[in-house]
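Worksheet: one structure, shown below.
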Amino acid sequence: MNKEKSLKKDYVPTIGEMENWYEEDLRKEALRLWEYENNKKIEEEGLFFKTFRRLEEIDDKISFDSKKDNVYYERYKKYVEEETGNKAREIEEIQNLIEYEKFFLRWERRVNKEKNGSGHYGSNSATRYRVDSIKRLEKELENILDTSPEGWEYYYKNQLIGDIENKQQQRLVNVPYVAKAKQKVMESLNLGTPVYIVGHLGSGKTQLATEAALDFTIENKVQSELEDKMENWFYLNPNATEKDAIEKFREFNEERKNYYKNILINGSKEEIEALQPLFISGSHNLTYEDMFVEKTLSLNHSFSQGSFSDYLNMIIEDFYEWMDKHKERLDKMTDEEQLQLKIQIWKSFSDLLVARNSAFGTEIKKIEREILIAVKEGRTVIVDELNTIAMQNLIGLNDILQRHAGSTAYITGVGPVVIKHGFGFIGTGNLSTQMVNYEGTNELNPAFKSRFVTIEYNYIPQSVIGSLEDQELLEINQLFRVIITGLADKNGNIHIPNPKRTLEELFRFSQLCKVTQNVFMGKWNDNEDHSDSGIEDLELRESVLSVRNILHVLDNWNQGEEKDLSKALWDGFISSITYADDQNYILSQAVRFGFFPINEGWNVKTKAIGGGTTTYEEIRTRPYNYIRPKIETLSYLDVIYLIFGKGPIRKTLPKELIKSFEDNIDNLKQIDVKKYQELDQQLFHLEHSKNLLEYLEDNGGKK
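If you're matching positions, the sequence shown starts at 3 in my numbering and goes up one per residue.
In structure tokens, the structure reads:
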């Protein structure tokens with residue numbers, strides 16, 4: 003009866019109802035877009051594929067007939083869409099101003115550093131002005147996010163889409179832990195300080211180093227190019243205001259960023275390699291020469307067949323170059339003297355070329371290696387597994403590591419070399435502990451290590467306490483955010499079976515992963531994840547649900563198409579663990595987090611230490627038979643709520659929406675706006691009371 007009433011155009015919905023209707027519309031649009039893009043993918047396929055392609059039969063597709071023809075809701079929806087556009091422009095303007103201030107701050111600091119002749123930025127009135135301006139603008143942005151539901155939704159939708167794009171490009175999801183570490187690396191590189199990133203296996207150290215180096219290189223290139231472009235533009239427009247300059251900066255900045263973004267996606271091999279850092283894989287056998295200059299024997303040989311025209315072209319080029327240099331002297335000679343001299347010179351060039359290419363034997367050639375190239379060309383270089391290289395070879399890096407761009411470093415076997423602007427050095431290393439020791443790694447000499455900014459980069463933060471519904475500080479659940487991002491399509495929507503159960507399972511999966519990571523690092527006792535386990539000496543020697551193993555499990559699960567998460571966890575990770583104690587411990591923790599339930603045909607029994615590995619047959623009580631639940635769609639807004647929480651709550655109607663009601667609804671005799679607000683407030687309190695009563699009822703009337 004209430005549903006029929008809500009279909010009427012003159013029904014007065016509450017704010018909560020209109021928000022719910024709006025969210026339903028977003029889910030329907032997400033499903034429509036998903037189906038459209040799935041169909042679009044097959045347009046370029048062949049006739050056989052198109053002819054015999056079959057689709058899953060769906061009993062009850064979502065109806066796109068909307069009850070939202072209600073006049074109040076239509077005005078509400080129009081207001082939300084317009085207000086989102088307004089807030090988007092406001093946020094983009096503030097973000098552009100922040101970019102402009104940061105651009106000027108980097109420029110000021112570079113000038114400061116060059117004028118002072120030091121490796122430090124230095125502080126002055128101009129840099130402090132920019133720093134304060136950035137803080138003020140960030141405060142303005144924060145105020146919008148705290149007060150405007152539309153601004154909040156737009157901002158976090160962009161973050162979600164950015165996360166998805168990073169995932170698709172095989173980059174790290176930019177959760178706060180990652181962003182903070184990457185920023186610290188880039189700041190150190192900008193100061194000319196080498197960076198040493200240490201952490202446990204599978205934490206993403208090398209990926210972090212690679213991305214930070216790439217972003218550092220692109221940021222420097224964009225900065226330099228923007229400085230030139232802004233100077234050239236102002237030279238042609240000397241009467242322009244700063245407002246004009248800020249708008250021009252937006253144009254140039256977007257163009258440059260898109261230019262480099264396009265290179266990384268569609269650029270040639272040479273263009274991409276010019277931006278990527280140089281890379282050295284460390285090992286105990288790596289010598290000093292391997293990092294700087296490699297000496298190699300080269301066999302001299304005679305003319306090769308099929309290349310005579312090339313040699314002839316070489317002689318012609320050298321001959322004409324000689325004549326150009328001696329043109330004045332030739333002009334003073336007679337024609338006969340010129341001819342005789344030219345014949346002699348041509349014969350000399352020919353004899354020299356023949357002599358050079360007729361010799362047999364070997365000669366020593368020097369080939370420049372990655373670190374020397376990086377120093378000379380102003381590029382970043384990454385030495386992976388730095389702490390596996392013998393210390394006596396690393397000492398040769400000392401002079402380079404303590405110099406700044408523009409200064410001269412001495413390299414043994416090469417001599418003095420000027421360090422070009424843009425050079426950066428990043429080392430990575432596995433972090434050994436009392437419980438985990440990586441064979442072949444060494445402790446770096448304290449004097450050598452002191453030249454670096456050392457960053458410990460481990461596994462992404464995640465709460466291990468409570469269910470998904472219990473979470474209050476969602477920013478802690480950064481691992482869950484990474485998992486959810488991996489399931490979303492390019493528009494930020496998710497299509498999974500039985501979302502309520504599946505999301506809860508995925509959250510428990512992220513908690514299980516974090517527990518294994520804490521135990522592997524020997525940090526489990528810093529948390530409350532084993533307060534009830536009764537186990538004191540926990541350890542994992544070889545196995546951990548690192549990011550790469552998490553991805554194995556999620557790929558195996560494939561959004562619940564053929565198996566549930568318990569089976570995927572077994573197939574994609576636990577079954578491949580060969581160290582029995584690791585396997586049995588992780589299996590026991592999986593049960594503790596609700597996986598492998600008895601009522602679904604599993605029977606996992608705890609084994610004593612040294613009890614041997616567990617097989618599938620031991621834990622399975624009946625043949626596995628998976629019945630996939632109905633696939634349902636979550637919109638980007640649902641996903642935002644999951645990983646960022648709820649935005650600011652709208653408790654009253656905005657003035658703009660009230661005016662919209664007054665201007666666009668003819669039949670207001672039924673209820674005026676003031677009455678509407680009073681009614682909505684009463685309903686809000688009634689709904690709150692209803693929730694409170696239900697809570698007390700569920701808890702046996704106990705408070």
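Where a beta carbon is used, it is the ideal one built from N, C-alpha and C, also for glycine.
All values reported here derive from a predicted model rather than from experimental measurement.
{"Check": "Own chain partners of Glu142 with C-beta closer than 8 angstroms, once the 5 adjacent residues on each side are dropped", "Outcome": "Ile96"}
{"Check": "Element boundaries [alpha helix (DSSP H), containing Asp557]", "Outcome": "549–559"}
{"Check": "Ser205 burial status per 10 Å Cβ neighbour count (16 or more: buried)", "Outcome": "buried"}
{"Check": "Nearest candidate by alpha-carbon position, reference Tyr594, set Thr608, Asp583, Glu602", "Outcome": "Note that residue 594 is Arg in the sequence shown, not Tyr. With distances taken between Cα atoms, Arg594 lies closest to Thr608."}
{"Check": "Asn72 (DSSP reduced to helix, strand or coil)", "Outcome": "coil"}
{"Check": "Bridge partners - His497, DSSP secondary structure assignment", "Outcome": "Thr635"}
{"Check": "First and last residue of the uninterrupted alpha helix (DSSP H) at Asn1", "Outcome": "With the chain covering 3 to 705 only, the question about residue 1 has no answer from this structure."}
{"Check": "Backbone CA spacing between Val411 and Pro418 [nearest angstrom]", "Outcome": "Note on residue identity: the sequence assigns Ala, not Val, to residue 411. Taking the straight line joining both Cα atoms gives about 6 angstroms."}
{"Check": "Asp528 versus Phe522: straight-line alpha-carbon distance, rounded", "Outcome": "At Asp528 the pLDDT is 43, less than 50, meaning the model places this residue with poor confidence; the figure from the coordinates comes in the next sentence. In a straight line, the C-alpha of Asp528 is about 13 angstroms away from that of Phe522."}
{"Check": "Rounded separation between Lys245 and Leu505 - CA only", "Outcome": "47 angstroms"}
{"Check": "Buried or exposed (CB count within 10 angstroms, at least 16 for buried), Asn601", "Outcome": "exposed"}
{"Check": "Same chain, Cβ closer than 7 angstroms to Gly148, neighbours up to 5 away in sequence not counted", "Outcome": "In the sequence as presented, Gly is not what sits at residue 148; that position holds Asp. Hits under 7 angstroms: Pro650."}
{"Check": "CB of Tyr638 within 8 angstroms of CB of Leu266, strictly", "Outcome": "no"}
{"Check": "Beta-bridge partners of Asp386, as assigned by DSSP", "Outcome": "Ser283"}
{"Check": "Alpha-carbon spacing of Arg543 relative to Gly524, whole angstroms", "Outcome": "10 angstroms"}
{"Check": "Nonlocal neighbours in the same chain, by C-beta distance under 7 angstroms from Pro151, ignoring five residues either side", "Outcome": "Gly649, Pro650, Arg652"}
{"Check": "Bridge-paired residues (DSSP) for Ala411", "Outcome": "Val419"}
{"Check": "Outcome for Lys569 when other beta-carbon atoms lying within 10 angstroms are tallied against a minimum of 16", "Outcome": "buried"}
{"Check": "Status (buried if at least 16 other CB within 10 Å, exposed otherwise) for Gln513", "Outcome": "buried"}
{"Check": "Cβ contact (3+ pairs, closer than 8 angstroms) linking the segment 614–633 and the segment 493–509", "Outcome": "yes"}
{"Check": "Alpha-carbon spacing of Pro15 relative to Phe511, whole angstroms", "Outcome": "39 angstroms"}
{"Check": "Contact between the segment 100–107 and the segment 167–184 (3+ Cβ pairs under 8 angstroms)", "Outcome": "no"}
{"Check": "Cβ pair Val187, Ile402 closer than 8 angstroms", "Outcome": "no"}
{"Check": "Sequence-distant residues of the same chain with beta carbon closer than 7 angstroms to Lys565, five excluded per side", "Outcome": "Trp559, Tyr628"}
{"Check": "Rounded C-alpha distance that separates Phe218 from Thr382", "Outcome": "9 angstroms"}
{"Check": "DSSP state of Tyr198 mapped onto helix, strand, coil", "Outcome": "strand"}
{"Check": "Local conformation of Gly647 per DSSP, three classes", "Outcome": "coil"}
{"Check": "Best match in Ile282, Lys223, Pro599 for proximity to Ile391 [C-alpha to C-alpha]", "Outcome": "Ile282"}
{"Check": "Proximity of Thr635 and Arg29 at Cβ, strictly below 8 angstroms", "Outcome": "yes"}
{"Check": "CB contact flag (Met293, Ile369, <8 angstroms)", "Outcome": "no"}
{"Check": "Span of the alpha helix (DSSP H), counted from its first residue to its last, around Phe236", "Outcome": "207–238"}
{"Check": "Glu370 in three-state terms, based on DSSP", "Outcome": "strand"}
{"Check": "8 angstroms contact criterion, which Leu470 and His202 should meet: CB distance rounded", "Outcome": "Not confirmed; about 27 angstroms, so no contact."}
{"Check": "Check whether Val484 and Ile462 have beta carbons under 8 angstroms apart", "Outcome": "yes"}
{"Check": "Classification of Asp316 by the beta-carbon crowding that lies within 10 angstroms, buried from 16 upward", "Outcome": "The sequence given here places Met at residue 316; Asp does not occur at that position. Result: exposed."}
{"Check": "Whole-angstrom C-beta distance between Met232 and Ala247, which should lie under 8 angstroms", "Outcome": "7 angstroms"}
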